[in-house]
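A.B. asks: Got a structure for you, questions after.
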């Protein structure tokens, strides 16, 4: 195998790692930013640092990335792992990640990657290369379970937090202090994310190097790969997917400190419990479920189910959409080096176009948690009080 | 085949862990905000982010209890970190 395609795949995998990072900043940091437990810049800096550290902590699951879903045994009707196959899968995942970011939808980066690889595998070896039962077990069922487990936990946790801090006369006291606790709970989510997600890219790169004969079959993950992946995910996290932070932090429901702490704790515990009991759940879906559950759990809060519906629609589309892009890229990549070049160019154009479109409605650290919403709040509160007085 | 046992275990463990952590911190925060100041503070709804507002000095048992609660929470966080880092186990 030539040298050039491998370099291309490594570069593309790092780009995916970067999108993975900025897509998932929201999972840990949307709620502390929303409650002002942390300033936006501090929050993304903390998340980036923890993702960087997390990436060095483990390579345990790096090589099991697509294991089982795609039949990698070329001798028995499976798809041969070649740089071209990985290239197409990763390109599909990147394009879907950028698309969902443009729409501010928290969607699973792992599912995007699975989708891309599936599309690529179907083109390479036909539908027989996909294990549908494994797909159901590893992707679809967990996707149904994650929001439910996290949501139910966050609902009860929120109710508990408010019940305990509610005084006898029904008035609260000292709930602002939950902001301090939020720093710990959201940091735990960021660390867990770093140890899990950077490994996906490490696995992809190592797999490609092995398939190209540049690395031994039995080789572990080379150090430069760990370093590059850690830096890419940390940089992505620091850039912050502000559109997604806005959706999770204020789009679904208005988050208060006690509620935010309950949601983050539920997210952290759900991820840790599931990944250690052999039922790995998507961080993004768990975090979204927690925010919705905590919104249901707090008295007087409103959950915008329309936004929740859009997010779920995004989840349903993730696998087929990234598979379609992956398949198209695989068709091009099959044409050889020229095909790879055309696919890369087309991918770059699509991503570039979406970035240009995103400039029209810029969302950044300064306005992720909407100023408009805040202004509306400031206007709303006195009006509410007046109404209360007049009824008395 | 859907592994219902694994699923149920995840749900139960998650519930117990999260409620323990949130319960400890809430209790600690409640204890720090004693004694209650008479009269209304904030709104009775759960919409307010209330500052600490007490009357007089906090009793020593309340402070000790709050520290115990936060220590318990710290232990849960440390266990979480222990779980995250494979080097430890």
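Residue numbers (this note's numbering), protein chains in the order written: chain B, 1 to 392; chain E, 1 to 89.
All C-beta atoms, glycine included, are put in the ideal place defined by N, C-alpha and C.
Since residue 130 of chain B sits in a beta bridge, which residues does DSSP pair it with?
C.D. replies: Looking at the DSSP output, residue 130 of chain B shares a beta bridge with B/70.
A.B. asks: Reducing DSSP to helix, strand and coil, say where residue 2 of chain B ends up.
C.D. replies: coil
A.B. asks: Which residues mark the beginning and the end of the alpha helix (DSSP H) in which residue 238 of chain B is found?
C.D. replies: 223–239
A.B. asks: Measuring straight from C-alpha to C-alpha, what distance separates residue 109 of chain B and residue 29 of chain E?
C.D. replies: Looking at the backbone, the Cα of residue 109 of chain B and that of residue 29 of chain E are separated by about 36 angstroms.
A.B. asks: In three-state terms, what does DSSP make of residue 19 of chain B?
C.D. replies: Per DSSP, reduced to three states, the secondary structure at residue 19 of chain B is helical.
A.B. asks: Measuring alpha carbon to alpha carbon, tell me which of B/252, B/221 and B/324 ends up nearest residue 91 of chain B.
C.D. replies: B/324
A.B. asks: How far does the alpha helix (DSSP H) with residue 341 of chain B in it reach, from first residue to last?
C.D. replies: 337–360
A.B. asks: Does residue 2 of chain B have its Cβ less than 8 angstroms from a Cβ in chain E?
C.D. replies: no
A.B. asks: Can you find a CB in chain C that lies within less than 8 angstroms of the CB of residue 58 of chain B?
C.D. replies: The chain labelled as chain C is not found among the protein chains of the depicted structure, namely B and E.
A.B. asks: At a CB-CB cut-off below 8 angstroms, which residues of chain E make contact with residue 18 of chain B?
C.D. replies: Residues of chain E passing the Cβ test: none, with the nearest at roughly 22 angstroms.
A.B. asks: Which same chain residues, not among the five before or five after residue 283 of chain B, have their C-beta less than 8 angstroms away from its C-beta?
C.D. replies: 24, 27, 108, 189, 192, 193, 196, 197, 267 and 271
A.B. asks: Quick check: is the beta carbon of residue 14 of chain E nearer than 8 angstroms to any beta carbon in chain B?
C.D. replies: yes
A.B. asks: Measure the C-alpha to C-alpha separation of residue 236 of chain B and residue 347 of chain B and round it to an integer number of angstroms.
C.D. replies: 19 angstroms
A.B. asks: Indicate the three-state DSSP secondary structure (helix, strand or coil) for residue 296 of chain B in the structure shown.
C.D. replies: Of the three classes helix, strand and coil, the one that applies to residue 296 of chain B here is helix, per DSSP.
A.B. asks: Taking 8 angstroms as the cut-off, decide whether the C-beta atoms of residue 18 of chain E and residue 265 of chain B are in contact.
C.D. replies: yes
A.B. asks: I want to see whether chain E comes within less than 8 angstroms of residue 177 of chain B, judged by CB atoms only; does it?
C.D. replies: yes
A.B. asks: If we count the other Cβ atoms within 10 Å of its Cβ and call it buried at 16 or more, is residue 299 of chain B buried or exposed?
C.D. replies: exposed
A.B. asks: Determine whether the beta carbon atoms of residue 164 of chain B and residue 65 of chain E lie at a separation below 8 angstroms.
C.D. replies: no
A.B. asks: Give, in chain order, every residue of the region 200–226 of chain B whose Cβ lies closer than 9 angstroms to some Cβ of chain E.
C.D. replies: none
A.B. asks: With respect to the alpha helix (DSSP H) encompassing residue 108 of chain B, which residues constitute its N-terminal and C-terminal limits?
C.D. replies: In the DSSP assignment, residue 108 of chain B falls outside any alpha helix (DSSP H) and carries neither an H nor an E.
A.B. asks: Ignore the nearest five residues each way along the sequence and tell me which others in residue 354 of chain B's own chain have a CB closer than 6 angstroms to its CB.
C.D. replies: 98 and 102
A.B. asks: Using a Cβ-Cβ cut-off of 8 angstroms, state whether residue 174 of chain B counts as contacting chain E.
C.D. replies: yes
A.B. asks: Could you work out which residues of chain E lie near residue 188 of chain B, taking near to mean beta carbons separated by less than 7 angstroms?
C.D. replies: 77 and 80
A.B. asks: Taking the alpha-carbon of residue 144 of chain B as reference, which of B/315, B/178 and B/277 has the nearest alpha-carbon?
C.D. replies: B/315
A.B. asks: Could you give the DSSP three-state label for residue 264 of chain B: helix, strand or coil?
C.D. replies: helix
A.B. asks: By Cβ distance, which residues of its chain are closer than 8 angstroms to residue 88 of chain E, with the 5 residues on each side in sequence left out?
C.D. replies: 82
A.B. asks: Judging by CA-CA distance, which residue of B/335, B/93 and B/369 is the nearest neighbour of residue 204 of chain B?
C.D. replies: B/93
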